[in-house]
Amino acid sequence: MSIWQRRRSRSRLPMAIPPLKDLQYAECGYKVQALFTTDFVELHNDDWELAERDWARIVAEVLNSVGVERRATGGRAIKQAVEVAAAFLSDDRDWPWCPICKRGTDAERKESTDGH
Ligand SMILES: [Zn+2]
């Protein structure tokens, strides 16, 4: 978090990362796959609290990365980070597991996506 604050020191970004539950709705304002929330929570054995925690951490990581335009600030940066993170996590072939807690790494699931 300290790196993030240093890089954005000129205009302090509010950490308003939308919770997973808000992304389920088509009107949420984010371009996120319809089943993203369901899949991500399922990956965490239906543990919403854990899924929300990891989701917030992933979006924060993306905010630090090249996934967000350098000039994007505030809500726009958050929006980009949310969409990049969700697209990234929706790609089952590359990331069938959670990069934070590593849930979903079982061989069975990986094998089932191989023939895709
Ligand atoms: Zn996780």
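Each number in the working numbering corresponds to the 1-based position in the sequence shown with 177 added.
No residue lacks a Cβ here, since even glycine has one placed at the ideal position from N, Cα and C.
Test item: CB-CB of residue i and residue j under 9 Å
| i | j | result |
| --- | --- | --- |
| Leu266 | Glu229 | no |
| Ile194 | Trp232 | yes |
| Ile235 | Pro273 | no |
| Leu220 | Gly281 | yes |
| Cys278 | Leu227 | yes |
Close beta carbons around residue i, own chain, < 8 Å, minus the five adjacent residues each side
| i | result |
| --- | --- |
| Ala284 | The predicted model places Ala284 with a pLDDT of 45, which falls under 50 and marks its position as unreliable, so this point remains unresolved. |
| Ala249 | Gln257 |
| Val218 | Leu197, Asp224, Trp225 and Ala228 |
Chain-order list of residues whose beta-carbon lies under 6 Å from that of residue i (same chain, five-residue window excluded)
| i | result |
| --- | --- |
| Ala263 | Val209 and Phe213 |
| Ser242 | none |
Candidates the options, of which the one nearest residue i by Cα
| i | options | result |
| --- | --- | --- |
| Glu268 | Glu204, Asp216 and Ala203 | A small fix is needed here, since residue 268 is Asp in this sequence, not Glu. For the residues Glu204, Asp216 and Ala203, the minimum Cα distance to Asp268 belongs to Asp216. |
| Ala237 | Cys278, Asp223, Ile255 and Tyr202 | Ile255 |
Nonlocal neighbours in the same chain, by C-beta distance under 7 Å from residue i, ignoring five residues either side
| i | result |
| --- | --- |
| Asp223 | none |
Task: Given 8 Å, three or more beta-carbon pairs between the segment 254-264 and the segment 206-219 - done: yes
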